[in-house]
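Everything on this sheet refers to the single structure shown next.
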Amino acid sequence: MDYSSYPRHDVLCIDMRSFYASVEAVKLGLDPMKTMLAVVGDPSRSGSIVLAASPALKQKHGISNVSRFFELPNDPDIHIVPAHMADYLQVSMEITKLINQYVPKDAIHQYSVDEVWVTVSGLEKLFGDCWEVAKKIKQEILDNFGITCSIGIGDNKFLAKVVMDLHGKKVGIAECRYEDVKEKLWPFPVEDIWGIGSRMKRNLNRMGIVTLGQLANFDLKQLKKRFGVMGEQLYWHAWGIDLSPVYGNFLKAEQKGFGHGISLLRDYSKEDVAICILDLCEEVCRRARAVDKVGKTIHLGISYSKETGGGFSRSRSIALPTNVTMDVYHVCMQLFQEFYDGKSMIRHVYVTLDNLFEKGEVQLDLFEDRSKKTDIGYVMDAIRDKYGATAILRASSYTDAGVTLERSKKIGGHKA
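According to full-length UniProt numbering, the sequence shown is numbered sequentially starting from 1.
Written as structure tokens, this is what we have:
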């Protein structure tokens, strides 16, 4: 592969080691790397997920971020703490501010609450080469927050991310340039590579592709025929090529739709779920109104409890696009009544509004005063924006089946 025509940058991918667990350990005055600590979404529920496990807990007991609370061993040395999402977000923002002391804001691409890409090209006169910058940032994060991080260095975001995952987490800081791809990445199985999930792994394995090297040397035409654009991207990634922007221009793609879902804490009956659906419709339409969008296609997804399994996912388009809560709710209830099996208990609900238009593009209905219905929604949104998300709610939200009040106390689905 001739890499001469491909861009070269100094990109760092910085990942905080067991971030939630590390924050909690520091709060308790403990060493995050030596303490056995588990952050549990809700310790009052045995089936609650372990959101983070400290490195020592992972190493001794094999606990991972997909383990459940009841799977934790009865070890008195294990510290069990509930999640505090607001604390993690605050520390994440402070770490980003620290990085901002080295580079401008548009050189920082926040990938998640505990992972960030940073373009450090051209900092040699100020801070040294990319390795020196990486070492300085790593040490400052440790000194200021007590948190250990792993760093990958690459010519682009993909290389920085993958070398961090495969090598940086073992040695602290690792580098992979185009010329290092064959040696440092190709021997690894495809499932170890960022962007390749379990389903894609199975598909690739069926084609005889087990390692990244085999993917890189597979026929590109066959990959495109089998997987479309994704197949082409996999091929170029296998050669270490990624043309996504690394400095500035980190604009999100245009919003395609607004969705909101919830995994229920108990089994919901047919009567209960109607209230839950209304709360979800309210949130979906609120987000659409916030950017003056209306949608023409409404989607309802329902998953039944584990005892029965199954569920359904259906959508319906309407004549006039809308962002009125009750319009969306009525369509969702039509879908529910049409496809619900009539007896199963429900544990997951999802509502989506897509096929979007600008609010001003919608034609008026001569037989209905739609402006009044729309204005009510905007007035309610304004009250919530000023006085809080729960300042004004529908009466049904205060019942046991309502989900808005409980979700208002959470960030990312977990307690703030």
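Using N, Cα and C, we set each Cβ at its ideal position, and we do this for glycine too.
Residue i in three-state terms, based on DSSP
| i | result |
| --- | --- |
| Val40 | strand |
| Phe218 | coil |
| Tyr3 | coil |
| Val229 | helix |
| Val246 | coil |
| Pro55 | helix |
| Asp272 | helix |
| Ile346 | strand |
| Val11 | strand |
| Ile264 | Residue 264 is actually Leu in this sequence, not Ile. Note: Leu264 maps to strand in three-state DSSP. |
| Leu366 | Residue placement at Leu366 is poorly supported in this model, since its pLDDT is 45, which falls under 50; the coordinates are not used for a value here. |
| Leu166 | helix |
| Asp31 | coil |
| Asn203 | helix |
| Ile196 | coil |
| Ile277 | helix |
| Trp239 | coil |
| Ala253 | Because the pLDDT of Ala253 is 48, which lies under 50, any placement of that residue in the model is unreliable, and the number read from its coordinates should be weighed accordingly. In this structure, Ala253 counts as coil in the three-state DSSP scheme. |
| Ile63 | coil |
| Lys184 | helix |
Whether residue i touches residue j by CB criterion (8 Å)
| i | j | result |
| --- | --- | --- |
| Cys176 | Gly197 | no |
| Leu185 | Val210 | no |
| Trp131 | Lys157 | no |
| Ser18 | Ala52 | yes |
| Leu300 | Arg289 | no |
| Pro32 | Ser64 | no |
| Gly231 | Leu243 | no |
| Leu166 | Phe188 | yes |
| Asn355 | Gly311 | no |
| Lys135 | Ile173 | yes |
| Tyr304 | Ile241 | no |
| Val273 | Val328 | no |
| Asp292 | Lys201 | no |
| Leu12 | Ala160 | yes |
| Phe127 | Val91 | no |
| Tyr111 | Val133 | no |
Given residue i as reference, the closest of the options once Cα atoms are compared
| i | options | result |
| --- | --- | --- |
| Val39 | Asp15, Phe69 and Ile14 | Phe69 |
| Gln59 | Ala83, Ser317, Ser92 and Ile78 | Ile78 |
| Ile277 | Glu132, Gln337 and Val50 | Gln337 |
| Ile298 | Pro321, Leu72 and Met33 | Pro321 |
| Met85 | Glu24, Gly342 and Lys136 | Glu24 |
| Tyr88 | Asn74, Val66 and Asp114 | Asp114 |
| Lys306 | Ile262, Arg266, Asp129 and Gly172 | Arg266 |
| Ile14 | Ile80, Val26 and Gly152 | Gly152 |
| Val181 | Gln214, Ile318, Lys256 and Val246 | Gln214 |
| Pro73 | Glu94, Met36 and Tyr235 | Met36 |
| His348 | Ala288, Val379 and His260 | His260 |
| Phe258 | Val351, Arg316, Met207 and Gly309 | Val351 |
| Tyr6 | Val120, Trp236 and Ser46 | Trp236 |
| Gly309 | Pro245, His330, Ser344 and Asp279 | Ser344 |
| Ile141 | Met93, Asn203, Asp219 and Val171 | Met93 |
| Lys27 | Leu12, Ala83 and Gln334 | Ala83 |
| Asp129 | Leu353, His9 and Val294 | His9 |
| Gly47 | Ala56, Lys34 and Val66 | Val66 |
| Met16 | Ile137, Phe218 and Ser317 | Ile137 |
| Ile120 | Asn100, Gln139, Ser112 and Tyr111 | Inspection of the sequence shows that residue 120 is occupied by Val rather than by Ile. Here the closest residue by C-alpha is Asn100. |
| Asp192 | Val229, Arg206, Glu179 and Ala238 | Ala238 |
| Arg286 | Glu71, Asp381 and Asp75 | Asp381 |
| Ser269 | Glu282, Lys256, Val246 and Ile302 | Ile302 |
| Gly168 | Ser150, His61 and Arg45 | Ser150 |
| Pro104 | Gly122, Val91 and Asn323 | Gly122 |
| Lys256 | Ser22, Phe227 and Leu353 | Leu353 |
| Glu183 | Trp194, Ala216, Gly62 and Glu271 | Ala216 |
| Val331 | Phe357, Ala319 and Gly208 | Ala319 |
Beta bridge counterpart(s) of residue i as assigned by DSSP
| i | result |
| --- | --- |
| Gly259 | Thr352 |
| Met16 | Cys149 |
| Arg68 | Ile49 |
| Ala174 | Gly152 |
| Pro189 | Thr211 |
| Glu358 | Lys293 |
| His79 | Leu37 |
Residue i at chain D interface by Cβ criterion, 8 Å
| i | result |
| --- | --- |
| Asp354 | Absent here is chain D; the protein component of the structure consists of one chain. |
* Where are the beta strand (DSSP E) runs, 3 residues long or more, that stay fully inside the segment 81-163, in chain order? -> Listed in chain order, the complete beta strand (DSSP E) runs (minimum 3 residues) inside the segment 81-163 are 108-112, 115-119 and 149-154.
* Run through the segment 289-344 for me and flag every whole alpha helix (DSSP H) of 4 or more residues, listed as ranges in chain order. => If we require 4 residues or more, the alpha helix (DSSP H) runs fully inside the segment 289-344 come out as 325-339.
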